[in-house]
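2 protein chains.
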Amino acid sequence: MTRDSNTALEIAPASPGDTKERLLDAAERRFAELGFQGTSMRAVTQLADTAVSAANYHFGSKEELLRAVIRRRVQPINEKRIKRLDEVEAAASTPDVEAVVDVFLRPLFEARAERLASAGGEFFRQIAARLYADPQQLVLSMRKELFSEVNERFLAALLRALPEAAPEAVGVGMQLMVGMMVHAISGQHGESEIDDLPGTDYEPRLARMIAFASAGIRAAAAVPEQGGAR
Amino acid sequence: MTRDSNTALEIAPASPGDTKERLLDAAERRFAELGFQGTSMRAVTQLADTAVSAANYHFGSKEELLRAVIRRRVQPINEKRIKRLDEVEAAASTPDVEAVVDVFLRPLFEARAERLASAGGEFFRQIAARLYADPQQLVLSMRKELFSEVNERFLAALLRALPEAAPEAVGVGMQLMVGMMVHAISGQHGESEIDDLPGTDYEPRLARMIAFASAGIRAAAAVPEQGGAR
DNA sequence: GTCTATATGTTGATAGAC
DNA sequence: GTCTATCAACATATAGAC
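Right under this line is the structure:
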């Protein structure tokens, strides 16, 4: 495989100037498939049809390349979440749990459908799953940087939606919703047939996820403080 | 750091014959902290106070070492799950959703409490999270090998508990429960204060998780087939 | 069973030409 | 901005002594 052969393996035909974008696409794909540590800079730059030094010119290091890959996808999703949550909170001082959960989950599906439509990439969801499974400092700091504000806003909204519930219980419910979401979008679990996510026709699946998470949060909040199941 | 210095970094004082166990403990810890690809055999064998060749003597390769680490923890948990599910199904032909979910989740907490009590290790849960975030063939085949039977048994039990529901909906509910579980046990998400799991006094948290998952599964199953939220 | 020593390949990053 | 060439460090795995 030489760098000149423009085969299906490459992200897009190389045209001058967009090397940086091609590197982001290639890194997104390889980080998703092989993981951050499992991906060499060579694996990325070969897919992007360029040289290792070009990647280091644009991003400085492998770690910074990862940050750029993740930021590119997460930021628009979070902006959409915040904007819609503003609207929900403006409409009602005591929002519905379902409305808050909808606003939290829907932008993920919308972003994925957009990317599928533009042949962009099916890969980011896999990176997101890894992001939540890695306790290393690099990844931990990215999670904090990317999700602190959103998590605080949505937790506050859920607390307002469930004013009678113990705050700790709502926090647990929110955490469990995030887990449900991460696992569901990472897909391809291979243990059953319904694991994989629908692409553009996501509404039925999303409806089930909203129902699951909303009912789950309400139920977790309703467990009595000292109640054991034993 | 010489191999003779018996510092706190090592897993246990080296006594002859238990090199294999020390290697499993050390690998469990390092794979949890650094990931499989991020961990070198040297990092494992230094922690276990032995040589790389000893690890390859006992396990053959790094991949087989990973398999051994994971099997050691997962097998007892799954055996407990199956045994208790047998009992639940023997007691009632239409089991409770709550009873099935309890039997699925509780063995995880019991195993963790046992390990904490024996200072065994706080590390496996992190490996489990990585196990679910990795789409590579090695990991995929391990998931299939380890969880196929359990997943099939519990999905069948849930279908029996919800005879009116669409099977696809129950499958989605089961998948979302697994996601909730994986994320919750991996802990240390760092975005909020309630992320970390309680150790031995796990009953209150477990009760909330059972309530969340059971209500979630029921709600997901109750969403009408063509119903959208839009 | 466990060691030391080593073979062979790959890694991330940079120097310097154009 | 992008390349080729190169570096030192590190990887997995094995050979062979004890």
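So the protein sequences, as listed, match chains A and B. Residue numbering for the first sequence follows our numbering, beginning at 74 and increasing consecutively. Residue numbering for the second sequence follows our numbering, beginning at 74 and increasing consecutively. We put the beta carbon where it would ideally sit given N, CA and C, even for glycine.
Contact between residue 168 (chain B) and residue 230 (chain B) holds, since their C-beta atoms are separated by about 6 angstroms, short of 8 angstroms. Taking the C-beta atoms as reference points, residue 105 (chain A) is found no nearer than 9 angstroms to residue 121 (chain A). Taking residue 114 (chain B) as the centre and dropping the five residues before and after it, the same chain places the C-beta of 125, 128, 135 closer than 7 angstroms to its C-beta, in chain order. Chain-order list of chain A residues neighbouring residue 183 (chain B): empty, with the shortest C-beta distance near 12 angstroms, by a criterion of under 8 angstroms.
Runs of the alpha helix (DSSP H) lying entirely within the stretch 106-150 of chain B and spanning at least 4 residues, in chain order: 114-120, 125-132. The C-alpha of residue 251 (chain A) is placed about 19 angstroms away from the C-alpha of residue 276 (chain A). The beta carbon of residue 191 (chain B) sits no closer than 9 angstroms to any beta carbon of chain A.
Residue-level contact by beta carbon fails for residue 134 (chain B) and chain A, as no gap is shorter than 9 angstroms. Annotation for residue 252 (chain B): the continuous alpha helix (DSSP H) segment containing it runs 240-259. The criterion of a C-beta distance shorter than 9 angstroms is not satisfied by residue 294 (chain A) and residue 249 (chain A). Excluding five sequence positions before and after residue 162 (chain A), the CB atoms of its chain that fall closer than 7 angstroms to its own CB belong to 168, 230, given in chain order. Closer than 8 angstroms at the C-beta level to chain A, one finds these residues of the stretch 196-209 of chain B: 199, 202, 203, 205, 206, 207, 208, 209. For residue 98 (chain B), the closest alpha carbon among the candidates B:242, B:187, B:107, B:197 is that of B:197. Put simply, the CB of residue 245 (chain B) is near chain A, with a gap under 9 angstroms to one of its CB atoms. Pairing residue 255 (chain B) with residue 288 (chain B) gives a Cβ-Cβ distance that is not under 9 angstroms.
Bounds of the alpha helix (DSSP H) holding residue 211 (chain B) are 210-234. Segment contact: the stretch 211-223 of chain B against the stretch 141-156 of chain B, three or more CB-CB distances shorter than 8 angstroms; contact assigned.
At least one beta carbon of chain B lies nearer than 9 angstroms to the beta carbon of residue 252 (chain A). Taking CB atoms only, residue 290 (chain B) has a neighbour in chain A less than 9 angstroms away. Taking residue 189 (chain B) as reference, the option from B:102, B:273, B:286 with the minimal CA-CA separation is B:273. Residues of chain A with a Cβ closer than 7 angstroms to the Cβ of residue 110 (chain B) are, in chain order, 108, 110, 111.
Judged by beta-carbon spacing, residue 108 (chain A) lies beyond the 9 angstroms limit of residue 246 (chain B), meaning their Cβ atoms are not closer than that value. In the DSSP assignment, residue 174 (chain B) falls within the alpha helix (DSSP H) that extends over 170-190.
Here residue 157 (chain A) has 176 as same chain residues with Cβ atoms under 7 angstroms from its own Cβ, once five neighbours each way along the sequence are excluded.
Using a Cβ distance threshold of 9 angstroms, residue 199 (chain A) and residue 259 (chain A) count as a contacting pair.
Rounded to whole angstroms, the separation of the alpha carbons of residue 112 (chain A) and residue 141 (chain A) is 16 angstroms. For residue 131 (chain A), the nearest beta carbon of chain B is not closer than 9 angstroms to its own beta carbon. Residue state for residue 270 (chain A) is assigned as coil, using DSSP reduced to three classes. Listed by position along chain B, the residues whose Cβ is nearer than 7 angstroms to that of residue 282 (chain A) are 249. Neighbours of residue 278 (chain B) in chain A, taken as residues whose beta carbon is under 9 angstroms from its own, are 245 in chain order. Taking C-alpha positions only, residue 152 (chain A) is separated from residue 282 (chain B) by approximately 30 angstroms. Within the same chain, Cβ atoms closer than 7 angstroms to the Cβ of residue 232 (chain A) are found at 240, 243, the five residues on either side in sequence being excluded. Between residue 142 (chain A) and chain B, the shortest Cβ-Cβ separation is not below 9 angstroms. Within chain A, the residues placing a beta-carbon under 8 angstroms from that of residue 242 (chain B) are 281, ordered along the chain. Going by beta carbons, residue 131 (chain B) and residue 178 (chain B) fall outside the 9 angstroms limit.
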